[in-house]
Each structure stands twice: as structure tokens, then as C-alpha cells.
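Shown next, in C-alpha cells, is the structure this report addresses.
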Amino acid sequence: MEKTCSSVWMRRFVANHLLLAKKTPIIPNSSPKIPPLPFPSLKPPLPSLRVVSPISSHRRPLSTAAQSSTPPLSTVDREDNGIVTQGSKKVLLKDMRYSELEKWVQSYGFRPAQALMLWKRLYGNDIWAHCIDELEGLNKDFKKMLSEHAEFRTLVIKDIHTASDGTRKILFTLEDGLVIETVVIPCDRGRTTVCVSSQVGCAMNCQFCYTGRMGLKRNLTAAEIVEQAVFARRLLSGEIGSITNVVFMGMGEPLQNIDNVIKAADILVHEQGLHFSPRKVTVSTSGLVPQLKRFLHESSCALAVSLNATTDEVRNWIMPINRKYNLSLLLDTLRQELRFKHKYKVLFEYVMLAGINDRLEDAKRLINLVQGIPCKINLISFNPHSGSQFRPTSEEKMIEFRNVLAEAGCVVLLRPSRGDDQMAACGQLGKPGEIQVPLLRVPAQFQTVLEASL
Ligand code: SF4
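Just so we're aligned: 428 in this note's numbering is position 386 of the sequence shown, and the numbers increase by one with no gaps anywhere.
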């Protein structure tokens, strides 16, 4: 059984993922995680690591702070503050950068080479180990130590939906019972993208986004983010080819969870592991200016900014974060920061909402706004969801808008909707439930447009 775990698992899973997920939960849902801990035996101390308890049975209630203006810490951190003792808890392997894993392995008296072998089995091609049984070739004592002190998995598959265009939406249950969604989008020319979530829900309340209606439940750990990409490769590489790109455009505002997002991105691009190209790992933000600056300084990965409006008036409404960091602050910051980046282009995303941001004046203003910023612009079709008040811009109008930008020298692409028949498209992720974040008041000049679309 040990030696065949990987290949049998893969085949069996694709055939019947739901059944298997129920049969082999590696982490019990009742196991809460414990906050970052230094390892007392190390000098200097190890970086903060997450550990999980294999025995505790308390469950945290779902957060009711979804609408709080203060972003909550992960519920993991809040619940377990100060109750950890080393030895009775397990470390989450995927919550460590390689340097951290190496130190942790050494703290148990094993050589750094063992850490590298483990890393390659966790993240290397065709292995993506999810359990001890899949660690072929590792020393017996090392495996014993891992089985006692380390946890391999944080996610359990709940369901997979396949859209008519081949897009897959994977629902994962977290150990506290919350659910996140990950989307795998096969494209032409051998490119397949996995869109990962960085939070459960989102606090940003963008008016065109279904996830925003959930409010924020909690941040994801780096392990929970990384494992979405590992799962995508493990489940689907054989079926739809290599997963080549990662976009942080699933549930949540990634830069509100910047520590874990930067760490996860570091793990994703590590050349001995998953080895995604930094240019093909894109973190998207609604425009958190201080965090955006930090990201540009600390990460080599790509940045996308969700712009979606050409005036503060419209952006204040459809993206309330603009009331804190307005368009000129956001764009001036990018203009400044990108002067120091070599061959770096920011990606602007522009979701087109009929009658709201898709007029020719908008196209002309957009050209001026992005002047002096090395950039590409993606025009995205709006994907309706239940309760949404907007309509998508027609294809002809999107093409016209695109042509105005292109004629002015902008690099601009029309991005077709993917996976929308399974609510897997941009802005459609999540399940708000009965208590939803209220929509904002519609500015007077747009009331007629929205009423006409009802
Ligand atoms: S568009 Fe992104 S930032 Fe805005 S509410 Fe949705 S998930 Fe959050």
C-alpha cells in the first residue's frame, strides 16, 4: 500500500474525488491550528511557523465579524493564542519557506539534505506528496519524525464543478469548516491557470463581486494558499496538462493578507519545488496602496490592479477602497514605484459594466490615467450573479472601447468570460449565505441606468 499510494490515489481520485475526500481526510476538521511559534531549541529562533493539534476537539464558531472594518486575523491565530506547547502539536509543512523548513528539519537533528528531499517530494513534479506513504526514498527515522511532528495537508476536497468550457471550480473545506473556492482554467497554447483564494470572503465590498457580499471571515494561511496550487497540479496535470500560471484572483483581497500571500508566492516560485515563473504568478489588488508598495519591494511576482473606473465618483461607489486610496494616489504610486522595476508591467483589470464605466469618455480618461505607467490592460466582461445590479457591456461596445485604447498605443486585451455557467468566473466565487453585506447607495446619475437594466 505504501509504495502505490501516489499513483493509485491519483487515478482513484479523478474517478471519484468526492468519495475519496470523505474516506481519507488527512486533517480532521476539528483540528485547530496554533499560532506562529518559535522553536526554543534553535538559536537564532526559527521564523514563525504554524502548527496544528492532532487531538484538540474544539471548533471555532464561524466569524460574525464579516462586516467589520478591521480585518480580522486568521481565526486560527485568534483562537489559539498562547496555548501551544511544542511536542503535542504538528507543524504545517506547507506553511514554511524552504529556508524555514531546512532550519526546522535541523532542529530535530537531521541534515539539510533531508529537507531538500522532503521539499522536492512535497512540490516536485509527479509527486506532490500528501502523506508519509508518498515519501519514497526518505530515511526511516526522518519519516518517523515527520509522522509525529508534521502535517501534510490543510484542505479537504468538498466538490468539483466542471463548466462547459472545461474550467473547473474546486471547493475545499478548511479545518474549521469554512469553504474556499479555487478555479482551474485551461487555455490554448499550452497554458493553464489556477486562480487561488487568499481569504475566506472579502472585506472590500466591490459592488460587482459576489465574494464581496460575504464579508470577510478570515485570512488563509500560506499553507492553505499553496495547497490550492499543489492540488490543482496533482488533480489535473494528467488530464489537462501542466498548470503554468497562478493568479491570486479568487476569493479575497490578497494584499490584505500580505504576509501569507508573499510567503505563498515565494514557495510557488521556488526552483527546487513548484517552480512557477515569477512572471506567471500574479497577485491582484483592489488598490491597497501601502501594501502594494511593500509587495513591489518584497516580491518578484507580477502585480495586477483592479481599476474598473476612470473617476473617483464611480470608483468610490463600485470599489469603496477608493475612498481611502483614490485614483490619483493609486496611479501616482504605481508611476513612482515602477520606475525602479526593470521590464515590469502592471496589469490593469477593467470589468466593463454597461452604462457605468464603458463610455467613450471613460476610454479617453483611461488613456490619460495610465500615462507613464508601464502596463497592460485587460477588459473583462462582467459576470452576473444573483442579486447583481449591473449588466455586462455588449461585445461590440467592448471591441469599440478596446480599439480606442489600442489606437492610443495601450497594450489592451479583451478577456472572455470563463466558467460562468458554473459560477466559476471572475467575481462569481463564494457563497454569501443569508446575511449579506448591504449594497451601497447608487449615485443619482446611475439610478436610471440600473433601473433600465432590471
Ligand atoms: S473584486 Fe476582489 S477585492 Fe473586490 S470584493 Fe471581490 S474579491 Fe474582494
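Virtual Cβ for every residue (Gly too), placed ideally from N, Cα, C.
Handout entry: C-alpha distance - glutamine 298 paired with methionine 256, whole-angstrom precision
Key = Each residue's Cα considered, the two are about 16 Å apart.
Exercise for the section: Could you check what DSSP says for leucine 455 in three-state terms: helix, strand or coil? Expected result: Residue state, collapsed to three classes: strand.
Exercise for the section: Give a single yes or no on whether glutamate 295 has its beta carbon closer than 7 Å to a heavy atom of the ligand SF4. Expected result: At least one heavy atom of the ligand SF4 is nearer than 7 Å to the Cβ of glutamate 295, so yes.
Handout entry: Delimiting residues of the beta strand (DSSP E) encompassing methionine 394
Key = Secondary structure note for methionine 394: its beta strand (DSSP E) is the uninterrupted segment 388 to 394.
Practice task
Use the C-beta contact count for glutamate 525: other C-beta atoms within 10 angstroms, 16 or more gives buried, fewer gives exposed.
Solution key: Outside the displayed span of the chain (43 to 496) sits residue 525, for which this structure offers no information.
Problem - Where proline 485 sits in the DSSP three-state scheme - result: DSSP, reduced to helix, strand and coil, places proline 485 outside both helices and strands of the structure shown, so it counts as coil.
Handout entry: C-alpha distance - aspartate 207 paired with threonine 234, whole-angstrom precision
Key = Going from the Cα of aspartate 207 to the Cα of threonine 234 covers about 13 Å.
Problem - Element boundaries [beta strand (DSSP E), containing leucine 369] - result: Note, leucine 369: premise wrong, no beta strand (DSSP E); alpha helix (DSSP H) at 369 to 379.
Handout entry: Range covered by the beta strand (DSSP E) that runs through glutamate 223
Key = Going by DSSP, glutamate 223 is part of the beta strand (DSSP E) stretching over 221 to 228.
Handout entry: From Trp359, Ser141, Thr352 and Ser328, residue whose alpha carbon lies closest to that of leucine 345
Key = The option with the nearest alpha carbon to leucine 345 is Ser328.
Exercise for the section: Given a cut-off of 8 Å, decide if leucine 180 and leucine 160 are closer than it, judged by their beta-carbon atoms. Expected result: With contacts defined as CB atoms closer than 8 Å, leucine 160 and leucine 180 qualify as a contacting pair.
Practice task
Say yes only if the C-beta of cysteine 500 is nearer than 7 Å to one or more non-hydrogen atoms of the ligand SF4, and no if none qualify.
Solution key: Because the chain here runs from 43 to 496, residue 500 falls outside it and cannot be looked at.
Handout entry: Stretch-stretch touch, CB-based, cutoff 8 Å, three pairs: the stretch 180 to 192 with the stretch 331 to 341
Key = Contact between the stretch 180 to 192 and the stretch 331 to 341 is not established, with fewer than three Cβ pairs separated by less than 8 Å.
Exercise for the section: Decide yes or no for the touch test of the stretch 309 to 323 against the stretch 348 to 356: beta carbon pairs closer than 8 Å, at least 3 of them. Expected result: Taking 8 Å as the limit for Cβ pairs, the verdict is that the stretch 348 to 356 does not touch the stretch 309 to 323.
Problem - Any non-hydrogen atom of the ligand FMN within 7 Å of serine 328 CB - result: Although the ligand FMN was asked about, the structure shown includes only the ligand SF4 as ligands.
Practice task
Quick one: measure Cβ to Cβ for asparagine 7 and asparagine 399, integer angstroms, because I've assumed they're closer than 8 Å.
Solution key: Outside the modelled stretch of the chain, which goes from 43 to 496, sits residue 7, for which no answer is possible.
Problem - Cβ shell of methionine 440 (< 8 Å), same chain only, five flanking positions each side left out - result: For methionine 440, the CB contacts under 8 Å within the same chain, skipping 5 residues up- and downstream, are Met394, Asp400, Leu421, Ser423 and Leu456 in chain order.
Handout entry: Endpoints, beta strand (DSSP E) assigned at asparagine 261
Key = Start and end: 258 to 261.
Problem - Segment contact flag, the stretch 138 to 157 with the stretch 200 to 217, C-beta cutoff 8 Å, min 3 pairs - result: Remark: fewer than three beta-carbon pairs, one from each stretch, lie closer than 8 Å, so the stretch 138 to 157 and the stretch 200 to 217 are not flagged as touching.
Problem - Own chain partners of arginine 163 with C-beta closer than 6 Å, once the 5 adjacent residues on each side are dropped - result: Same-chain partners within the cutoff: Ile169, Ala171 and Leu177.
Handout entry: Check whether isoleucine 212 and valine 226 have beta carbons under 8 Å apart
Key = Taking 8 Å as the Cβ cut-off, isoleucine 212 and valine 226 qualify as a contacting pair.
Exercise for the section: Can you say whether arginine 260 is buried or exposed, counting buried as having 16 or more other CB atoms within 10 angstroms of its CB? Expected result: By the 10 Å Cβ count, arginine 260 comes out buried.
Practice task
Tell me where the beta strand (DSSP E) around leucine 134 begins and ends.
Solution key: Element bounds for leucine 134: 132 to 134.
Exercise for the section: Specify the secondary structure class of arginine 210 as computed by DSSP and reduced to three states. Expected result: Strand.
Exercise for the section: Could you check what DSSP says for valine 238 in three-state terms: helix, strand or coil? Expected result: Reduced to three states, the DSSP call for valine 238 is coil.
Exercise for the section: List in chain order: all unbroken beta strand (DSSP E) runs of 3+ residues lying wholly within the stretch 328 to 373. Expected result: Listed in chain order, they are 344 to 348.
Problem - Alpha-carbon to alpha-carbon, isoleucine 300 and arginine 102 - result: Note that arginine 102 scores a pLDDT of 30, beneath 50, so its modelled location is shaky; the value from the coordinates is reported in the next line. If you take the alpha carbons of arginine 102 and isoleucine 300, they lie about 24 Å apart.
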